[in-house]
Ligand code: ADP
Ligand code: MG
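Numbering (the working numbering), first residue to last: 21 to 330.
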C-alpha cells in the first residue's frame with residue numbers, strides 16, 4: 021500500500037507559517053507591496069494552481085488583503101512548482117531544487133534559511149524573480165486525524181505501507197513519524213515519473229501494489245499500480261486515472277475498501293464452489309444418470325426445476 025503525502029496523508033490544507041525575504045523587493049515589478057512582496061508574488065503565480073500548497077498561499081494572501089497581479093504564460097510543473105511571467109519578469113514558485121536548477125543564483129544565502137524551515141518540519145516554497153531567489157514561504161500541513169489509525173490497521177492486516185512524496189526528506193520524515201510509517205519506507209523528493217517507476221519496481225519484485233493519491237503528480241503511478249485509489253477531493257486527472265474513488269476523502273475508507281473487496285471476492289469464490297458442487301451432483305441426477313445404479317428417478321417437472329435453478 022503506497023500513499024502519497026501532500027493531500028493524501030496530510031490534510032492538504034496547509035497554512036503559511038513563515039515569510040522570509042532573501043533579497044530586496046524587485047523594483048521592476050510595479051504593484052508590489054513592500055512589506056509582503058514575497059507572499060504577493062507567490063500568490064499571484066499560484067492563483068491558477070490546483071496544488072494544495074498553491075491554494076494555501078492564495079488564501080493567506082487574500083486574508084491579508086493583498087492585491088494579486090495579472091500573469092501571463094502560466095505553467096505547472098507537477099512535483100516541482102509553477103511559473104509565469106509578470107510584467108515581463110519570469111517568476112518561479114516551487115521547490116528549492118527546481119528553482120536552483122532553473123537558474124536561481126543566490127543558492128548559498130537561501131540554503132541557511134531553508135534549513136531552518138525544514139528542520140521545523142515545514143515545506144519550503146521558493147520565490148524566484150528572473151534569476152534571483154527573493155524569498156521563501158514556510159508551509160505547514162498537518163497529518164489527517166485518521167491517517168495514523170489507517171496506517172496501523174493496514175500494517176496489522178499484514179500490508180507493507182510506504183510513503184512517496186515530492187517534498188523534501190526532512191518534512192517527509194516528520195509526517196511519516198506522525199502517521200506511523202517507518203523511515204525506511206519513505207521515498208522523498210520524487211518526481212511524478214519516479215513515483216510511477218517506484219511502483220513498477222515493487223510490482224517487478226512480485227508485490228501487488230495499491231497506490232493512494234490525490235494530485236496530478238500521482239496520476240501516472242495511480243494508472244500503473246494494480247489498484248489505484250484516488251481521493252474524491254483530489255484533482256480530476258487523479259480521479260480519472262484511478263480504479264476506485266474514495267468519495268468521502270476519508271483515508272480510513274482505504275481499509276473499508278480493502279475489507280469490502282476481500283469479502284466480495286470470498287463470496288464470489290464460495291458461490292463458484294457451491295455452483296460447481298450443485299452442477300456436478302444435481303444436474304446428472306436430474307438427467308437420470310444415476311438411475312441404472314440406484315433406481316431412483318424423479319418427476320420430469322422436478323427435474324426441470326433442478327435444471328432451471330442451477
Ligand atoms: P506530494 O508528492 O507530497 O503530493 P508534490 O509532488 O505535489 O508533493 O510536490 C512536491 C514539492 O514540489 C512540494 O513540496 C513543493 O515544494 C513543490 N511544489 C509542487 N507544486 C507546487 C506549487 N503549486 N507551488 C509551490 N510548490 C510546489
Ligand atoms: Mg498529493
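Glycine is no exception: its CB is placed at the ideal position from the N, C-alpha and C atoms.
If you're wondering where the values come from, they're calculated on a predicted model, not measured in any experiment.
CB contact flag (residue i, residue j, <9 Å)
i: residue 340; j: residue 96; result: Any property of residue 340 remains undetermined from this structure, which presents the chain solely from 21 to 330.
i: residue 242; j: residue 266; result: no
i: residue 161; j: residue 72; result: yes
i: residue 167; j: residue 293; result: no
i: residue 43; j: residue 154; result: yes
i: residue 159; j: residue 255; result: no
i: residue 134; j: residue 156; result: yes
i: residue 248; j: residue 263; result: yes
i: residue 53; j: residue 184; result: no
i: residue 236; j: residue 258; result: yes
i: residue 288; j: residue 306; result: no
i: residue 199; j: residue 163; result: yes
i: residue 107; j: residue 50; result: yes
i: residue 46; j: residue 152; result: yes
i: residue 219; j: residue 145; result: no
Whole-angstrom C-beta distance between residue j and residue i, which should lie under 8 Å
i: residue 229; j: residue 239; result: So it is not a contact: roughly 15 Å between Cβ atoms.
i: residue 100; j: residue 110; result: Their Cβ separation, rounded to whole angstroms, is 15 Å, which puts residue 100 and residue 110 out of contact at 8 Å.
i: residue 66; j: residue 113; result: 6 Å
i: residue 27; j: residue 214; result: Actually they do not touch by this definition, with Cβ atoms about 18 Å apart.
i: residue 169; j: residue 313; result: Actually they do not touch by this definition, with Cβ atoms about 60 Å apart.
i: residue 148; j: residue 124; result: 5 Å
i: residue 206; j: residue 171; result: No, residue 206 and residue 171 are not in contact; Cβ-Cβ is about 12 Å, not under 8 Å.
heavy atom of the ligand MG below 8 Å from residue i C-beta
i: residue 273; result: no
i: residue 162; result: no
i: residue 233; result: yes
i: residue 32; result: yes
Closer than 9 Å to chain D by CB, residue i
i: residue 302; result: In the structure shown, chain D cannot be found, because there is only a single protein chain.
Query raised in the report: Are the segment 59-70 and the segment 135-143 touching, with three or more C-beta to C-beta distances below 8 Å?
Result: Too few Cβ pairs lie closer than 8 Å, so no.
Query raised in the report: Is the number of C-beta pairs between the segment 276-283 and the segment 293-302 that are closer than 8 Å three or more?
Result: By the criterion of at least three beta-carbon pairs nearer than 8 Å, the segment 276-283 is not in contact with the segment 293-302.
Query raised in the report: the ligand ADP: which residues have Cβ under 6 Å from any of its heavy atoms, chain order?
Result: Going along the chain, the residues that qualify are 24, 25, 26, 27, 66, 69, 71, 73, 74, 99, 100, 101, 102, 113, 114, 115, 143, 145, 185, 186, 187, 235, 237.
Query raised in the report: Any contact of the segment 77-91 with the segment 185-194, i.e. 3+ C-beta pairs under 8 Å?
Result: At 8 Å Cβ cutoff, the stretches do not touch.
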